[in-house]
Amino acid sequence: MRTIHVIGAGLAGLAAALALSEKAPGGKGELRLVLHEAGPQAGGRCRSYHDRELGLLLDNGNHLVLSGNGAVRRYLAMAGSRNGLASPPGPIYPFFERDSGLRYEIRFSAGRFPFWLFDPRRRVPDTRARDYAALAHLLRAGEETVLGALPWPEPLYRRLIEPLAIAVLNTDPGEASALLFRRVLAETLLKGGRALIPAFPPHGLGPCFIEPALATLTARGAEIRLNQRIAALRLEGNRVAALRTGRGEEIALSAADGVVLAVPPWVAAELLPGLKVPERFESILNIHYRMEAPRGEAGFWGILGGLAQWVFVKEGVVSVTVSAANATLEEPAEALAERAFADITALFARPPSPLPPYRVIREKRATFAATPENERRRPGPRVGLANLALAGDWTATGLPATIEGAIRSGFTAAEVLHAA
Ligand SMILES: Cc1cc2nc3c(=O)[nH]c(=O)nc-3n(C[C@H](O)[C@H](O)[C@H](O)COP(=O)(O)OP(=O)(O)OC[C@H]3O[C@@H](n4cnc5c(N)ncnc54)[C@H](O)[C@@H]3O)c2cc1C
-18 MRTIHVIGAG
-8 LAGLAAALAL
2 SEKAPGGKGE
12 LRLVLHEAGP
22 QAGGRCRSYH
32 DRELGLLLDN
42 GNHLVLSGNG
52 AVRRYLAMAG
62 SRNGLASPPG
72 PIYPFFERDS
82 GLRYEIRFSA
92 GRFPFWLFDP
102 RRRVPDTRAR
112 DYAALAHLLR
122 AGEETVLGAL
132 PWPEPLYRRL
142 IEPLAIAVLN
152 TDPGEASALL
162 FRRVLAETLL
172 KGGRALIPAF
182 PPHGLGPCFI
192 EPALATLTAR
202 GAEIRLNQRI
212 AALRLEGNRV
222 AALRTGRGEE
232 IALSAADGVV
242 LAVPPWVAAE
252 LLPGLKVPER
262 FESILNIHYR
272 MEAPRGEAGF
282 WGILGGLAQW
292 VFVKEGVVSV
302 TVSAANATLE
312 EPAEALAERA
322 FADITALFAR
332 PPSPLPPYRV
342 IREKRATFAA
352 TPENERRRPG
362 PRVGLANLAL
372 AGDWTATGLP
382 ATIEGAIRSG
392 FTAAEVLHAA
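Okay, so the sequence shown: first residue is -18 according to my numbering, each after it adds one.
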């Protein structure tokens, strides 16, 4: 029987495993699947955990996806996820500007024709419909940065383009690749509001994305080995001949066996010396507060001019996200919690109150920095080894480091190995 070893049980590895397991339902086909995960739980950068101090199930970070993310939908269906995603009734993005106190909502039109541009109540305040022609210029962008690609009209840039670019690319727009931004816009904004409905898992990333996938894989006979780090690959000619675990055990591969390598880029470069991978990373800061707040129509708000960039309201928790957050890495957790809480207090127009119980989570290498230089360092799934396919949000998916990109890379790796 052919065995496929999936190394890394983040979304890319799980997507590859799900796709491969469909080819061997019930585990009785010709395929045996083994997942090797270094950590004590699956999910990688997309995970939930029980925070004992706060007494809450928390996500490592708020994750937002869009209705146009086709691979996400396919993955959730394959995993049999029933604790899925929650969405507002349409493509609605509410914003709050800290300095001026201005509140506005972008309400995209459902179809492709952008009726919203011609209604001042649905577009960015103080902009004209013709300002948005700038987006058409972006569609010709190549090697430039988002900021450098064109002279963006204000306040369109500050009130919409900048917050969206930082959220999508996790990189300052002065450094971020216009090409990557353009690709995301082409798959979402340009397809119209039906592709732009925001969605996030109200009951946590684990119950939505991870646990259903693990249950489906286990039911199909896959073995999931947690706390199993793969420390080395033994290569013979153009094949992987064996895996060596962190405990020094050797797992030999037969001629028909294969490997999906779905680990972060720095681990892949250690396991495959000479592999070119992205070198610069950006952090994401999340602060979760145990408190109640009104959900509003969307369940989240974008904030301009504060520390908090996005505020999500879930049951018993208000969570703040700060992307491209390398500059906050040295700042003490309590100071950050105080600053972001001031943003929340202003957002909900509440009188000042003591800081509620909170948890600060800093993901230092949350994603590769979406710069043109890093973009050139992203390898495809094939790296010259006949029985190995690479996966991960950092491989050449054409997208920035997102759930959609990670899952797509896993599906592609499964196809590569299946074809092999
Ligand atoms: C805080 C935060 C917020 C985010 N927000 C969003 C968002 O709003 N929308 C969005 O689309 N995306 C978001 N992302 C990005 C998204 O989480 C990632 O793109 C995705 O989870 C990456 O999945 P992956 O499988 O490629 O990598 P990973 O999740 O990093 O998975 C790699 C796995 O390999 C394991 N591993 C490492 N070394 C070994 C080894 N030697 N042997 C075995 N296993 C190993 C790791 O433990 C890990 O489980 C966010 C990320 C973070 C951190």
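A virtual CB, placed ideally from N, CA and C, is assigned to each residue, including glycine.
Given 7 Å as the limit, tell me if Pro183 has its C-beta closer than that to any heavy atom belonging to ligand 1.
Position 202 of the sequence shown, counted from the start, is the residue given in the question as residue 183. Not under cutoff, so the answer is no.
Every unbroken beta strand (DSSP E) within the segment 317 to 401, with a cutoff of 3 residues, ordered by chain:
339 to 349, 369 to 371
When every heavy atom of ligand 1 is checked, does at least one fall within less than 7 Å of the C-beta of Val298?
Residue 298 sits at position 317 when you count from the first residue of the sequence shown. Every heavy atom of ligand 1 is 7 Å or more from the Cβ of Val298, so no.
Since Leu83 contacts Pro106 with CB under 8 Å, what's their CB separation in whole angstroms?
Taking the first residue of the sequence shown as 1, we reach residue 83 at position 102. Taking the first residue of the sequence shown as 1, we reach residue 106 at position 125. Yes, Leu83 and Pro106 are in contact; Cβ-Cβ is about 6 Å, under 8 Å.
Nearest to Asn267 by alpha carbon, out of Asp112, Glu344, Ala395?
Position 286 of the sequence shown, counting from 1, holds the residue named residue 267. Closest by alpha carbon: Glu344.
List, from N- to C-terminal side, the beta strand (DSSP E) runs of 3 residues or more that fit wholly inside the segment 4 to 36.
Fully contained in the segment 4 to 36 are the following beta strand (DSSP E) runs of length 3 or more, in chain order: 12 to 17, 29 to 32.
At a threshold of 7 Å, does Asn219 count as lining ligand 1 (C-beta to nearest heavy atom)?
Indexing the sequence shown from 1 puts residue 219 at position 238. No, the Cβ of Asn219 stays beyond 7 Å of every heavy atom of ligand 1.
Within the chosen definition, does the segment 213 to 224 reach the segment 311 to 322 through at least 3 CB pairs nearer than 8 Å?
The segment 213 to 224 vs the segment 311 to 322: no contact.
Can you tell me which of the three DSSP states His269 falls into?
Position 288 of the sequence shown, counting from 1, holds the residue named residue 269. Looking at His269 - three-state DSSP - the assignment turns out to be strand.
Backbone CA spacing between Arg340 and Phe94 [nearest angstrom]
Residue mapping note: residue 340 aligns to position 359 of the sequence shown, counting from 1. Residue mapping note: residue 94 aligns to position 113 of the sequence shown, counting from 1. When rounded, the distance between both Cα atoms is 43 Å.
Counting pairs of beta carbons, one from the segment 296 to 305 and one from the segment 270 to 286, are three or more of them closer than 8 Å?
yes
Is it the case that the CB of Asn307 approaches a heavy atom of ligand 1 more closely than 7 Å?
Translated into positions along the sequence shown, residue 307 becomes position 326. Flag unset: Cβ of Asn307 not near ligand 1.
Taking 8 Å as the threshold, find out whether the segment 98 to 112 comes into contact with the segment 127 to 141 through three or more Cβ pairs.
yes
List, from N- to C-terminal side, the alpha helix (DSSP H) runs of 4 residues or more that fit wholly inside the segment 101 to 139.
The qualifying runs are 114 to 119.
Tell me whether Glu135, by its Cβ, gets closer than 7 Å to a heavy atom of ligand 1.
Working through the sequence shown from its first residue, we reach residue 135 at position 154. Glu135: no, Cβ never under 7 Å from ligand 1.
Let me know if His118 comes out buried or exposed under the rule of 16 or more other beta-carbons within 10 Å of its beta-carbon.
Counting from 1 along the sequence shown, the entry for residue 118 is found at position 137. By the 10 Å Cβ count, His118 comes out exposed.
Could you check if Cys189 belongs to the surroundings of ligand 1, using beta carbon to heavy atom distance under 7 Å?
Residue 189 sits at position 208 when you count from the first residue of the sequence shown. No, the beta carbon of Cys189 sits no closer than 7 Å to any heavy atom of ligand 1.
Cβ distance (whole Å) where Ala180 is taken to contact Ala67 below 8 Å
As a working mapping, residue 180 is identified with position 199 in the sequence shown. As a working mapping, residue 67 is identified with position 86 in the sequence shown. At roughly 7 Å, the Cβ-Cβ gap stays under 8 Å, so Ala180 and Ala67 are in contact.
Beta-ladder partner(s) of Phe76, from DSSP:
On the sequence shown, residue 76 is found 95 positions in, with the first residue counted as 1. Phe76 is bridged to Tyr85, Gly283.
Tell me whether Lys172 sits in a helix, a strand or coil according to DSSP, three-state version.
Sequence index remark: in the sequence shown, residue 172 carries index 191 (1-based). Helix at Lys172.
Rounded Cβ spacing between Leu371 and Leu242 (contact assumed at less than 8 Å):
By 1-based counting over the sequence shown, the position of residue 371 is 390. By 1-based counting over the sequence shown, the position of residue 242 is 261. About 5 Å separates the two Cβ atoms, so the contact holds.
Since Thr383 and Thr152 are thought to touch, with beta carbons under 8 Å apart, how far apart are those beta carbons, to the nearest angstrom?
Residue 383 sits at position 402 when you count from the first residue of the sequence shown. Residue 152 sits at position 171 when you count from the first residue of the sequence shown. Not quite, the Cβ-Cβ distance comes to about 13 Å (not below 8 Å), so this is no contact.
Hey, quick one: how far does the alpha helix (DSSP H) through Leu195 stretch, first residue to last?
In the sequence shown, the residue the question calls residue 195 occupies position 214. Where Leu195 is concerned, the enclosing alpha helix (DSSP H) stretches over 192 to 200.
Figure out for me which residue from Phe349, Ala308, Leu285 has the closest Cα to the Cα of Ala327.
What you label residue 327 is simply residue 346 of the sequence shown in a count that begins at 1. Ranking Phe349, Ala308, Leu285 by Cα distance to Ala327 puts Leu285 first.
Tell me where the alpha helix (DSSP H) around Leu253 begins and ends.
For the purposes of this step, residue 253 is taken as the residue at position 272 of the sequence shown. First-last for Leu253: undefined, no H or E at that position.
Can you check which of these residues, Leu(-1), Ile(-15), Phe99, Arg276, is closest to Arg405 by C-alpha distance?
The structure shown does not extend to residue 405, since the chain spans only -18 to 401, so no value can be given for it.
Rounded C-alpha distance that separates Glu204 from Ala367
Here residue 204 refers to the residue found at position 223 of the sequence shown. Here residue 367 refers to the residue found at position 386 of the sequence shown. So the alpha carbons of these two residues sit roughly 23 Å apart.
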